[in-house]
Structures are given as structure tokens and as C-alpha cells.
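For reference, the structure discussed in these notes is given below.
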Amino acid sequence: MIIINEKPLSQIEKERAEEKAPLVKMGQELTQLKIDNIQKDTIIQTLGQEIAKVKIELMQLKGGE
Numbered sequence: 001m002i003i004i005n006e007k008p009l010s011q012i013e014k015e016r017a018e019e020k021a022p023l024v025k026m027g028q029e030l031t032q033l034k035i036d037n038i039q040k041d042t043i044i045q046t047l048g049q050e051i052a053k054v055k056i057e058l059m060q061l062k063g064g065e
């Protein structure tokens, strides 16, 4: 049995790489979105802590009313 390939191996490899490219790009974008969300969550948490500190300071300034 003889198998004749019309395309050279380098062309086949190039086509496979091009097929994977959108998936790789999508994975990179997903990773960046996850990083952005982690940073956003950290900022929200920090702001929440700052608000809690300000509330405590206000209560202390008002004399604990």
C-alpha cells in the first residue's frame, strides 16, 4: 500500500498551527480576563476595608453614638 501525500509535511504542520491559533488566542484572552477580575476583586476588597475604617473613625469622632 502506497500513500501519496499531495501536501508537504511543512504545509500540513503550518495548517495545523493555524487551526490552533484561535484557540491559543482565546486561551490568552481568557487568562487576561481572569487576571483583570482578580485585580478588580482585590480593589473592591481594599475599598471595603477602607470604608470600614472610615466608619469606625466616624463613630469614634462622634463619641460612639
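Under the UniProt record's numbering, read the sequence shown as residues 1 to 65, first letter to last. For every residue, glycine included, the Cβ atom is placed at its ideal position computed from N, Cα and C.
Three-state secondary structure (DSSP) of residue i
i	result
Glu6	coil
Lys20	helix
Lys62	coil
Beta-carbon contacts of residue i that lie in its chain and below 6 Å, excluding the five residues immediately before and after
i	result
Ala52	none
Lys28	Checking the sequence shown, residue 28 turns out to be Gln, not Lys. For Gln28, where only same-chain residues beyond five positions count, there are no Cβ hits under 6 Å.
Ile4	none
Residues near residue i by beta carbon distance below 7 Å, same chain, minus five either side
i	result
Val24	none
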